[in-house]
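Asks: The structure's right below; bear with me while I get my questions together.
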Amino acid sequence: MAYVTIKNALEHVQKLRRQMVELTTVMADNTQNDYLSQLLSLAEKHDQAMSAFLADHMANADESVLGTWVQYNQGAGEGPLALKRQLEELLSEEDDDVSAAERVQNAMLELDQQVLRFYELIQEQVKGERPREFMEGLITMEEQKTRDKSRNYLEMQDL
Numbered sequence: 629m630a631y632v633t634i635k636n637a638l639e640h641v642q643k644l645r646r647q648m649v650e651l652t653t654v655m656a657d658n659t660q661n662d663y664l665s666q667l668l669s670l671a672e673k674h675d676q677a678m679s680a681f682l683a684d685h686m687a688n689a690d691e692s693v694l695g696t697w698v699q700y701n702q703g704a705g706e707g708p709l710a711l712k713r714q715l716e717e718l719l720s721e722e723d724d725d726v727s728a729a730e731r732v733q734n735a736m737l738e739l740d741q742q743v744l745r746f747y748e749l750i751q752e753q754v755k756g757e758r759p760r761e762f763m764e765g766l767i768t769m770e771e772q773k774t775r776d777k778s779r780n781y782l783e784m785q786d787l
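FYI, in this note's numbering the residues of the sequence shown are 629 to 787.
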């Protein structure tokens, strides 16, 4: 177990979001599967929005909140990275059926769940009210945006 500041932990999430935007952009441009292309474009917009929200949330936070130390299991950050690698593999194996798109969709939703669990892990460790409220804001936004993303995926399936 290592110790990191909330700011360092969230920078880890920012990096992951940027990588996901790059990955989904490239893959959406390269796929011949229209449904998968739409799915990837939706995921790209989601990750851009979440990255922008996180950057704004951090910019408006007090430095004492961002400087709060939390214990960080190095493996906890590997969950999202492992899912990113899994997503890359799924996209490289792309076929034109809907089940391939659904596997990608499930991996992207799982990535959001991993980020949410990561935020909850940090929140559990903070002692002060302000850092706890800061993390609660992130958790609430992540939950809301993930629900919106799931709903959008379902609407796409209905088309």
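In this text, a Cβ means the ideal position worked out from N, Cα and C, and glycines have one as well.
Please say whether Ile634 and Val693 have beta carbons closer to each other than 8 Å?
Replies: For the purposes of this step, residue 693 is taken as the residue at position 65 of the sequence shown. For the purposes of this step, residue 634 is taken as the residue at position 6 of the sequence shown. A contact, by the Cβ cut-off of 8 Å.
Asks: Could you pull the DSSP bridge partners for Leu649 from this structure?
Replies: Taking the sequence shown and counting its residues from 1, the one referred to as residue 649 is at position 21. Sequence check: residue 649 is Val here, not Leu. For Val649, which the question treats as bridged, DSSP gives no partner whatsoever.
Asks: How should Gln699 be labelled, buried or exposed, when 16 other C-beta atoms within 10 angstroms of its C-beta is the threshold for buried?
Replies: If you number the sequence shown from 1, residue 699 lands on position 71. With fewer than 16 Cβ atoms within 10 Å of its Cβ, Gln699 is classed as exposed.
Asks: Are the CB atoms of Tyr747 and Met736 within a distance shorter than 8 Å?
Replies: Residue numbering aside, residue 736 sits at position 108 when the sequence shown is read from its first letter. Residue numbering aside, residue 747 sits at position 119 when the sequence shown is read from its first letter. Taking 8 Å as the Cβ cut-off, Met736 and Tyr747 do not qualify as a contacting pair.
Asks: Ala729 and Tyr631 look like a contact to me (Cβ under 8 Å); what is the Cβ gap, rounded to whole Å?
Replies: Here residue 729 corresponds to residue number 101 of the sequence shown, with the count starting at 1. Here residue 631 corresponds to residue number 3 of the sequence shown, with the count starting at 1. Contact flag wrong, Cβ pair sits at about 41 Å.
Asks: To the nearest whole angstrom, what separates the beta carbons of Thr659 and Pro759, a pair I think is in contact under 8 Å?
Replies: Numbered from 1 along the sequence shown, position 31 holds the residue referred to as residue 659. Numbered from 1 along the sequence shown, position 131 holds the residue referred to as residue 759. Not quite, the Cβ-Cβ distance comes to about 41 Å (not below 8 Å), so this is no contact.
Asks: Does DSSP put Ala689 in a helix, in a strand, or in coil?
Replies: Translated into positions along the sequence shown, residue 689 becomes position 61. Coil at Ala689, not helix or strand.
Asks: Between Ser679 and Arg645, how many whole angstroms is the CB-CB distance? I'm expecting something under 8 Å.
Replies: Locating residue 679 in the sequence shown gives position 51, counting from the first residue. Locating residue 645 in the sequence shown gives position 17, counting from the first residue. The pair is a contact, with the Cβ atoms about 4 Å apart (cut-off 8 Å).
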